[in-house]
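Undergrad:
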Amino acid sequence: MFGLKPDLCSIPLTDEYYSLEDYEDGIARWCPGCGDHSILTSVQKLCREKQLAPEKTVFVSGIGCSSRFPHYMNTYGFHGLHGRAFPVASGVKFRRPDLDVFVVTGDGDCCSIGTAHWIHAIRYNMKMTVLLLDNSIYGLTKKQTSPTSARGTKSNTHPQGSILPPINPIQTTLGVSNVSFVAQTADWNPAHVYETIKAAYEHPGFSFVRVVQRCPVYMRDLYDAAVSDPTALTLLTHEKGIKLHENVERSFKNIIQHDPSDINKGREYAEMSGSIPIGLFYQNKNAPRYDEYGAFNIGMPVEDKISAINSELDKYAV
Amino acid sequence: MVKSKNTPNELFNEFLNEEALKPRQKVEVALEIIKPETVSYKLAVPTPTTEEEIKNQWRVIRNFFRSGENPKRNESTGLMPVLPAPYLKKDEITTDYPVFLSVESKFDHCPFSDLLENTFKKIFKEKEAGILLQNLPRIENFVRKYVVDAGNFCPFDVALGSAIKDISKIKIKGEDRANFLKDIEKFKDSLPQSGMLLGFSQQTPVHFLVHLLKYQTLEKRKKFISEIHVLKSGLNDLLSVEKSEGSKDHSSGWGIADSLIEFKKLDTLMPERASESMPEKRYERIVNCISTLDSAESLLQNYNGLIFIGKTLSENSNFNWNKLLEGIEVKVAPTNESCTSASNGFKNHIAGLVKLMTAVRIAELEIKNKYDEEIHRDFFKRFNWHYFTEEESSLCPPVVLIEETQNLLGKELQHFSTLIASNKPVKVLAINEPSPFKINFNDSEDELPSYQQELSSLTISHRGAFTLQSALHNPVHLLKGIESGLASSTPALFHILISPDSDNTSTQNFINISSAVEGRQFPLFTYSAGENKWGSRFDINANPQSYLDWPEYTFEITNENKGTDKLELPFTFVDFYAVNKSNSESLFLVPPSYWSDDLIPLSEYLKLSTDKLYAKVPFIWLVDNEDTLQKVAVPYSLVIEAKERLDFWNFIQELGGVNSFHVEQAVNRTRNEMQEQKEKEIKDIETKFEKQIEEVRTSAAGEAMDRLAGILLDLDSITSLPSVSKISKPSSSPEAEESKTSVITPAKVETTEKVVEISGEAWLETFKCTSCNECTDKYPRAFKYNGDKQAYMEDITTVTYAQLVKAAEACPAKCIHPGMPLNPNEPGLEELIVKAKPFN
């Protein structure tokens, strides 16, 4: 049209190219075989692809194995209080909308002690990428039942097997008003993990990704069979969903077409049993975002702030 | 019942669908470039209004429509057409410029971005040189700026060298950096080492032309000159033989041969002619030939052509002619005599070339000893440029006239027509620098509107001339057209739309030109006179959506609920008119409270028949500075102009085979014929089947009666009835059984087993690796990470089979496959192979 081509001039090009090692910090001290390694690599690859400036990127976490994540990223990080990753991340995003914010949380951190914050963070829909690293157990504290542990899971807190049915993080997130992005992936399929995190990062709002993963020490058997069974996963795919390379897509035996704008169908698939559904359950790019109402006075000089506060207070002067 | 889609009639109709008759379209980038994230328009919101106010406002609107009187000119100031609006606000836009101009035939002229992309694809495989790929836009941007700073014309190698130097400065750590630099070197070596880069400016078409004059046939001309050298030496040989024949006595000077050969006797044996000395005329002819051939270098190698420039154009200070036409002979043509000057200039110019070509042809004949005085003397006496072969024509540096369109359409028109009709292969570059177009509200019919510059259509009517109508915003069409026109042996017109030089930014200039093409004000086309059939001569495909009246684009807008709606927007002649900011004042902004059914889109208005036009007022969409979509009414005088342009475009379309009356007639005729034929066939089939059904029905009724009678008579012989055996399954023949069992032959089983056994070597599914560090930590020499931090097998000989099996067992992604042991003497192999089996 008009002899014009895709706008190259607006492509942000930095004078520094970040390679994987620019995002690496220290040696990850997770157990050998832990699914967290896979996610760490995918996130570092995403940072490289998007050329995220490390000084403009923040990883916020709570407490747990997965919450060690910020230590291994050579970016800004905030290893917060148990269950409080969301308030910290919301605060960062609210005042510094120029930063890319990631939240890494675990099933205990998010779905137990941090549930209240999780629910409200979904509703606030502030632009951040949330990774729930769900291994269905408290690993750091040596095997206690977590809210996502399957019924009958034997642990130190329930030696005879857990009694209650687990919380379904996907269903829960879909149930919150103003939800805007809900996806699920499995750590043993790195290609899908990467594409899911990428889609989540590109979403304009609060993107929630649950990564189903193994704890090789305390829950070794949970998904062991699933790793080598191509029918263990069911891929939700759609032209509006997560784009996979055709070779990767071909490796799935169970594929379902699911339009991610259909939340009710998304809820149905979230309850699927027998096979683990992975892919994008729901996306709404137009959901209102609370962070868009935040930092309107960024860059305002201190004097102006003081005079604004004074003039506001003057209204109540007697 | 679900109806089948593939009935003959449906297939046939699908085949003859008008869609199929549309010319092949180019894939367009269309609106992918306008992303909702960057452009989100909203609709203007109505305010409460009384009926009285609405009535009054519509009185004003209708008056404006009739007279063009706009009492609220200020309100529409600054409004812009929706589609180009996002770009008009920008200082920089991305286009096909700069263009790479090649000086070697092994590289084509093309947009620089295409050169980068195609070269990259040629030398790197998928996933290779990722950092370089990500930084190709950086090279492109750098070069684009460099070319602009260098005055829009600079050597390719210098610009590329600077870009490479710039890109090499990117900070990258470790191994990535070394690989990146290696990739850059490889990439640079595969790009052309010479050539020029040309940016967007008024001078661009002249640069194109001059570059092609210099280099298009240079290699060919050099080759031809070397052939002339061969001819010259051949002729010189003839002369030297003649000289030696005249001066030497065969009977002496051969030493020992004198005693062995009797030369006098030998002379009597030779044919008579061979021993004759060369006739004087021939001798003279050859000498003349040689002296003419001596001029070849000055005529062909050191000479690129002759250019005439119209006087007014030569005085235009925007063109630095001395620099532009360096290396070309230039003459300034007097006012109103440019075509005559070019025609006369051609006569003089071609005379030397005719002489040279005559000499070449005579030389060839002389060397082959085939020159026949009786035949060839007269032929060469009459020989002129009309006798040139295609090859000879293409070698001649052309005569070119550069003139303004306005002049050619004025007093020069008759001379221009004579020049084109003469079939002299003179090339005319007509530069169309339109004056700002204003609506004529005063109904004066003395002058044609400034847009009516149908120079190219006039040229086509002469039939014999190559004609290109092109615009500066499409360098590919422009360059290809000029290249073909120069290569043709016919006259040629290159009618090029450039932007008037003004204080506009280059973005505004570019959009002005491209919207003239989008709004059908200046359609692009090529007429190649050399092709046989009209259809192959005339090409309009360079126009956007050439099969439609106006190009249409789908646009997303934000609605009141923050959702998105789609808006189909045609880009009309009036949109083009409104691109010029000062023109939007003469359109009437209709506030949303007054929008009604009488206000209809201009594209629809132009389609309505006269009886349906009553009370209707056409509008187009414009956008204000706050990105709000507004409807603006279009005055009748402008509607007339739009109608005229549409009519011209429809004329061009029909010439190009779109909506062709004759084609449509032929299609309808064929459709009816085939329809009739199909109906007849269907009827025949129906009659045939009806007959068969009737027969079956009769026989079935008979059988039923027989069976009923059998049952009634208690006869248990139903199975023996012939009709029953008809419907029973045919029993499998022994051969069939055999063939069934032969599917699982022992040989095939063996083959399958072999396939299974092939996996003897250890291997790793890198794409499945979850980067858990398990194998790389324990066996760092055997397993390493690739650039994506996924493991691969580096050196399997550094571990024992036992260790390999252990690694496979420990791998949480189960992506290590140990295969079979390399060392047959390793202890405990049997047990290890059993352990490895589940992982292979």
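Protein chains in written order, with my numbering: chain X, 5 to 322; chain Z, 6 to 845.
Positions of the beta carbon are idealized from the N, C-alpha and C atoms, including for glycine.
Could you tell me the distance, in whole angstroms, from the CA atom of L165/Z to the CA atom of Y227/X?
TA: Numbered from 1 along the second sequence, position 160 holds the residue referred to as residue 165/Z. Numbered from 1 along the first sequence, position 223 holds the residue referred to as residue 227/X. For L165/Z and Y227/X, the distance between alpha carbons rounds to 54 Å.
Undergrad: Using beta carbons (cut-off 8 Å, strictly below), is C115/Z in contact with chain X?
TA: Walking along the second sequence from the start, residue 115/Z turns up at place 110. Not closer than 8 Å to any Cβ of chain X, the Cβ of C115/Z fails to qualify, so no.
Undergrad: According to DSSP, which residues form a beta bridge with H354/Z?
TA: The count along the second sequence starts at 1 and reaches residue 354/Z at position 349. Partner(s): none; H354/Z has no beta bridge.
Undergrad: Exposed or buried, what is I174/X when buried is set at 16 or more other beta-carbons lying within 10 Å of its beta-carbon?
TA: The residue you call residue 174/X lines up with position 170 of the first sequence. With a threshold of 16 other beta carbon atoms within 10 Å, I174/X meets it and is buried.
Undergrad: Using 8 Å as the threshold, is the segment 413-427 of chain Z in touch with the segment 511-525 of chain Z, meaning 3 or more CB pairs across them?
TA: no
Undergrad: Tell me where the beta strand (DSSP E) around R214/X begins and ends.
TA: As a working note, residue 214/X is residue 210 in the first sequence. Per DSSP, R214/X belongs to the beta strand (DSSP E) from F210 to V216.
Undergrad: Verify the CB distance criterion: does Q30/Z have a CB-CB separation below 8 Å to chain X?
TA: Your numbering for residue 30/Z matches position 25 in the second sequence. For Q30/Z, the predicted model reports a pLDDT of 32, less than 50, meaning its position is unreliable; a value from the coordinates is still stated below. So, not an interface residue.
Undergrad: Kindly indicate which residue of E396/Z, L214/Z, R182/Z and E646/Z has the alpha-carbon position closest to the one of L484/Z.
TA: As a first step, residue 484/Z is located in the second sequence; it is residue number 479 there, counting from the start. If we check each option's Cα against that of L484/Z, L214/Z comes out closest.
Undergrad: Using a cut-off of 9 Å between C-beta atoms, extract the partners of A195/X located in chain Z.
TA: By one-based count along the first sequence, residue 195/X stands at place 191. Simply F772 and K773.
Undergrad: Please state the DSSP three-state secondary structure of L48/Z.
TA: Numbered from its first residue, the second sequence carries residue 48/Z at position 43. The answer is strand: DSSP assigns L48/Z an E or B state.
Undergrad: Mind checking if A164/Z is an interface residue toward chain X, Cβ cutoff 8 Å exclusive?
TA: On the second sequence, position 159 is the one that residue 164/Z refers to. Taking Cβ atoms only, chain X never reaches closer than 8 Å to A164/Z, which makes this a no.
Undergrad: Counting only beta-carbon separations shorter than 8 Å, does H75/X have a partner in chain Z?
TA: On the first sequence, position 71 is the one that residue 75/X refers to. By this cut-off, H75/X is not an interface position.
Undergrad: Pull up the distance between the alpha-carbon of P281/X and that of L237/X, whole angstroms please.
TA: Here residue 281/X corresponds to residue number 277 of the first sequence, with the count starting at 1. Here residue 237/X corresponds to residue number 233 of the first sequence, with the count starting at 1. Distance between the alpha carbons of P281/X and L237/X: 6 Å.
Undergrad: DSSP on S346/Z, reduced to helix/strand/coil?
TA: By 1-based counting over the second sequence, the position of residue 346/Z is 341. S346/Z falls in the helix class under three-state DSSP.
Undergrad: Output needed for M223/X: all residues of its chain with C-beta closer than 7 Å, excluding positions within five of it in sequence on either side, in chain order.
TA: For the purposes of this step, residue 223/X is taken as the residue at position 219 of the first sequence. So the qualifying residues of the chain are N139, S140 and I141.
Undergrad: Shortest alpha-carbon distance to D266/X belongs to which of Y205/X, Q217/X, S184/X and K158/X?
TA: Counting from one through the first sequence, the residue named residue 266/X turns up at place 262. Closest option to D266/X, Cα to Cα, is S184/X.
Undergrad: Measuring only the C-alpha atoms, how far is Y22/X from K178/Z?
TA: To locate residue 22/X, count along the first sequence from 1; it is residue 18. To locate residue 178/Z, count along the second sequence from 1; it is residue 173. The straight-line gap from Cα to Cα measures roughly 8 Å.
Undergrad: Going by DSSP, name the residue or residues bridged to Q188/X.
TA: Against the first sequence, residue 188/X aligns to sequence position 184. Answer by DSSP bridge pairing, in chain order: R214/X and G283/X.
Undergrad: Relative to the C-alpha of A168/Z, which residue among R149/Z, G156/Z and F185/Z is closest?
TA: The sequence position of residue 168/Z within the second sequence is 163, counting from 1. When each option's Cα is compared against that of A168/Z, the closest is R149/Z.
Undergrad: Given 8 Å as the limit, is there contact between the segment 640-659 of chain Z and the segment 80-88 of chain Z, that is, 3 or more CB pairs closer than that?
TA: no
Undergrad: Considering only residues of the same chain and omitting the five flanking positions on each side of G469/Z, which have a CB-CB separation below 8 Å?
TA: Within the second sequence, residue 469/Z is the residue found at index 464, counting from 1. The answer, listed in chain order, is I425, A426, N428, T495, P496 and A534.
Undergrad: Can you tell me which of W539/Z, K432/Z, P439/Z and A583/Z puts its alpha carbon nearest to the alpha carbon of I487/Z?
TA: In the second sequence, the residue the question calls residue 487/Z occupies position 482. Looking from the CA of I487/Z, the closest CA among W539/Z, K432/Z, P439/Z and A583/Z belongs to K432/Z.
Undergrad: Taking a Cβ distance cut-off of 8 Å, strictly less, list which residues of the segment 773-802 of chain Z are near chain X, in chain order.
TA: K773, C774, T775, S776, C777, N778, E779, D782, G792, D793, K794 and Q795
Undergrad: Any idea if H500/Z is buried or exposed, counting beta-carbon neighbours within 10 angstroms, 16 or more meaning buried?
TA: Position 495 of the second sequence, counting from 1, holds the residue named residue 500/Z. Buried, by the Cβ-count rule.
Undergrad: Using the beta-carbon of each residue, which ones in chain X are nearer than 8 Å to D101/Z?
TA: On the second sequence, position 96 is the one that residue 101/Z refers to. Here the neighbours are G7 and K9.
Undergrad: Starting from E28/X, trace the beta strand (DSSP E) both ways and give me its first and last residue.
TA: Translated into the one-based positions of the first sequence, residue 28/X becomes position 24. Counting along the chain, E28/X falls outside any beta strand (DSSP E), and DSSP gives it neither H nor E.
Undergrad: Any C-beta of chain Z within less than 8 Å: which residues of the segment 35-66 of chain X qualify?
TA: P36, G37, C38, G39, H41, S42, L44, T45, Q48, K49 and Q55
Undergrad: Please name the residues in the segment 164-181 of chain X whose beta-carbon is closer than 7 Å to at least one beta-carbon of chain Z, in chain order.
TA: none
Undergrad: At the level of alpha carbons, what is the spacing between E122/Z and L136/X?
TA: As a position in the second sequence, residue 122/Z is number 117, starting the count at 1. As a position in the first sequence, residue 136/X is number 132, starting the count at 1. Going from the Cα of E122/Z to the Cα of L136/X covers about 40 Å.
Undergrad: Just how far apart, CA to CA, sit N258/X and E272/X?
TA: Along the first sequence, one-based indexing puts residue 258/X at 254. Along the first sequence, one-based indexing puts residue 272/X at 268. Whole-angstrom Cα-Cα distance: 16 Å.
Undergrad: Mapping the DSSP letters down to three states, classify E334/Z as helix, strand or coil.
TA: For the purposes of this step, residue 334/Z is taken as residue 329 along the second sequence, with counting starting at 1. Note: E334/Z maps to strand in three-state DSSP.
Undergrad: Rounded to whole angstroms, what is the Cα-Cα separation between Q287/X and C159/Z?
TA: Working through the first sequence from its first residue, we reach residue 287/X at position 283. Working through the second sequence from its first residue, we reach residue 159/Z at position 154. For Q287/X and C159/Z, the distance between alpha carbons rounds to 50 Å.
Undergrad: So for C159/Z, helix, strand or coil by DSSP?
TA: Start at 1 with the first residue of the second sequence, and residue 159/Z comes out as number 154. C159/Z sits in a strand when the DSSP states are folded into three classes.
Undergrad: When burial is assigned at 16 or more other CB atoms within 10 Å of the CB, is M130/X buried or exposed?
TA: The count along the first sequence starts at 1 and reaches residue 130/X at position 126. The C-beta of M130/X has 16 or more other C-beta atoms within 10 Å across all chains shown, which makes the residue buried.
Undergrad: Could you compute how far the alpha carbon of K319/X sits from the alpha carbon of K309/X?
TA: As a position in the first sequence, residue 319/X is number 315, starting the count at 1. As a position in the first sequence, residue 309/X is number 305, starting the count at 1. In a straight line, the C-alpha of K319/X is about 16 Å away from that of K309/X.
Undergrad: Would you list the one or two residues that DSSP bridges to E409/Z?
TA: Stepping through the second sequence from its first residue, residue 409/Z is reached at position 404. In the DSSP output, where bridge partners are listed per residue, E409/Z has I436/Z.
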